[in-house]
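**Student:** Starting off with a structure, shown below.
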Amino acid sequence: MSYVIPPAPQASVAVEGSSDRFPVRRIFCVGRNYAEHILEMGNDERDPPFYFTKPADAVVESGAEIAYPRATADLHHEVELVLAIGTGGSDISLSDAMAHVWGAGVGIDLTRRDLQAVAKKAGRPWDMAKGFDRSAPLGALVPVAQAGGLTSGEIWLTVNGEPRQTGDLAEMIWSAADCVAHLSTLVELAPGDLIMTGTPAGVSAVGRGDMMEAGIDGLPNVSVKIAAS
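Each step along the sequence shown adds one to the number in UniProt numbering, with nothing skipped, and position 200 is 200.
Structural data, given as structure tokens:
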């Protein structure tokens, strides 16, 4: 097959302990999945889950340095458990949901909070607040059989070594399995899809020169630095 322009490179994520990589098809993100974060953002914790997306090529390798994004003066960090779908499907049952997950990792949902605030006020989509270039730093994935049950475990993020976010996966309103099952009622999940499952409280701004590091018990950490200029 030939193309009228060169096709984009395949976005992918590292796999811990392997030279093989996980190909990324789509990135779905769960909004408002930890009660304390919902409250700190001034929302109702009883709301059902909703989703937004990032492009596959928003992925940033752990250890990278990235430029401070354009068009914002209020860039925020959000640490999240990331699920990597290995087997697709629609209307997946809750009891079968984790069988569709190939692996798990740690991600940082970078957010242009000022653009998000404008979009919220106007009732507009969050695309430019969430789905911008290099907005999804991701650590190496671990096969789900080695990742544990993903129902509990500390989740945290530091900036320049100082704690910013800390919580536990047990505090998720919608569990990893819930997220897979519910999302599959809205779209047909496919191998290569990633699901970022929401963030605990403590989100705040980062600036030029800042180093972020984040982790979840049993999973490889992710780190990313914002360039100084």
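Don't be surprised by glycine CBs; every beta carbon is placed ideally from N, CA and C.
Please read these numbers as outputs of a predicted model, since none were measured by experiment.
Hey, is the segment 162 to 174 in contact with the segment 140 to 147, meaning 3+ C-beta pairs nearer than 8 Å?
**Tutor:** no
**Student:** Between K121 and K54, what straight-line distance do the alpha-carbon atoms span, to the nearest angstrom?
**Tutor:** In the sequence shown, residue 121 corresponds to position 121, counting from 1. In the sequence shown, residue 54 corresponds to position 54, counting from 1. If you take the alpha carbons of K121 and K54, they lie about 21 Å apart.
**Student:** For the alpha helix (DSSP H) containing M211, name the first residue and the last one.
**Tutor:** The sequence position of residue 211 within the sequence shown is 211, counting from 1. First-last for M211: M211 to I216, but that is the beta strand (DSSP E), not the alpha helix (DSSP H).
**Student:** Ignore the nearest five residues each way along the sequence and tell me which others in L183's own chain have a CB closer than 7 Å to its CB.
**Tutor:** Reading the sequence shown from its first residue, position 183 is the one you call residue 183. If we look at L183 and ignore the five residues flanking it on each side, its Cβ neighbours are F28, Y51, L189 and I195.
**Student:** Output needed for I155: all residues of its chain with C-beta closer than 7 Å, excluding positions within five of it in sequence on either side, in chain order.
**Tutor:** If you number the sequence shown from 1, residue 155 lands on position 155. V79, L81, G167, D168, L169, P200 and I216.
**Student:** May I have the straight-line CA-CA distance separating H76 from D96, to the nearest angstrom?
**Tutor:** Locating residue 76 in the sequence shown gives position 76, counting from the first residue. Locating residue 96 in the sequence shown gives position 96, counting from the first residue. Looking at the two C-alpha atoms, the distance is approximately 34 Å.
**Student:** In angstroms, rounded to a whole number, what distance separates the CA positions of M211 and T72?
**Tutor:** Sequence index remark: in the sequence shown, residue 211 carries index 211 (1-based). Sequence index remark: in the sequence shown, residue 72 carries index 72 (1-based). Computed Cα separation, rounded: 18 Å.
**Student:** Using 8 Å as the threshold, is the C-beta distance between A11 and A84 below it?
**Tutor:** Translated into the one-based positions of the sequence shown, residue 11 becomes position 11. Translated into the one-based positions of the sequence shown, residue 84 becomes position 84. Going by C-beta atoms, A11 is not nearer than 8 Å to A84.
**Student:** Among V206, G123, T158 and P48, which one has its Cα closest to the Cα of S175?
**Tutor:** Here residue 175 is taken as the residue at index 175 of the sequence shown, counted from 1. Distance from the Cα of S175 is smallest, within the candidate group V206, G123, T158 and P48, for P48.
**Student:** Who are Q165's beta bridge partners in DSSP?
**Tutor:** The count along the sequence shown starts at 1 and reaches residue 165 at position 165. L157.
**Student:** Could you check what DSSP says for S95 in three-state terms: helix, strand or coil?
**Tutor:** By 1-based counting over the sequence shown, the position of residue 95 is 95. Note: S95 maps to helix in three-state DSSP.
**Student:** Where does N160 land, buried or exposed, given buried means 16+ other C-beta within 10 angstroms?
**Tutor:** In the sequence shown, the residue the question calls residue 160 occupies position 160. It is exposed - the Cβ of N160 has fewer than 16 other Cβ atoms within 10 Å.
**Student:** For I92, count neighbouring C-beta atoms within 10 Å of its own C-beta (all shown protein chains included) and say buried if the count is 16 or more, exposed if not.
**Tutor:** Walking along the sequence shown from the start, residue 92 turns up at place 92. Counting Cβ neighbours within 10 Å, I92 comes out buried, since at least 16 surround it.
**Student:** Starting from the Cα of V106, find the closest Cα among T197, G207, I226 and S2 and give me that residue.
**Tutor:** Working through the sequence shown from its first residue, we reach residue 106 at position 106. The closest CA to that of V106, considering only T197, G207, I226 and S2, is found on T197.
**Student:** Taking the beta strand (DSSP E) that G21 belongs to, which residues open and close that run?
**Tutor:** Indexing the sequence shown from 1 puts residue 21 at position 21. For the sequence presented, residue 21 should be read as Arg rather than Gly. Taken as a continuous stretch (DSSP letters only), the beta strand (DSSP E) holding R21 covers R21 to P23.
**Student:** Buried or exposed: which applies to K117, given that a residue is buried once 16 or more other Cβ atoms fall within 10 Å of its Cβ?
**Tutor:** In the sequence shown, residue 117 corresponds to position 117, counting from 1. Checking the displayed sequence, the identity of residue 117 turns out to be Ala instead of Lys. By the 10 Å Cβ count, A117 comes out exposed.
**Student:** With 16 as the cutoff for other CB atoms within 10 Å, does P7 come out buried or exposed?
**Tutor:** Position 7 of the sequence shown, counted from the start, is the residue given in the question as residue 7. P7 should be labelled exposed.
**Student:** Give me the DSSP bridge partner(s) of P143.
**Tutor:** Taking the sequence shown and counting its residues from 1, one reaches residue 143 at position 143. Its beta-bridge partners are G103.
**Student:** Distance check for I5 and S62, CA to CA, integer angstroms please.
**Tutor:** To locate residue 62, count along the sequence shown from 1; it is residue 62. To locate residue 5, count along the sequence shown from 1; it is residue 5. Straight-line Cα distance between these residues: approximately 30 Å.
**Student:** Alpha carbon to alpha carbon, what distance is there between Y34 and E65?
**Tutor:** Against the sequence shown, residue 65 aligns to sequence position 65. Against the sequence shown, residue 34 aligns to sequence position 34. Each residue's Cα considered, the two are about 29 Å apart.
**Student:** Thinking just about the alpha-carbon of each residue, which of G218, A129, T111 and E213 is nearest to the one in residue 265?
**Tutor:** A query on residue 265 cannot be resolved here, the shown segment of the chain reaching from 1 to 229 and no further.
**Student:** With 16 other CB atoms within 10 Å as the buried threshold, where does P137 fall?
**Tutor:** Stepping through the sequence shown from its first residue, residue 137 is reached at position 137. Buried, by the Cβ-count rule.
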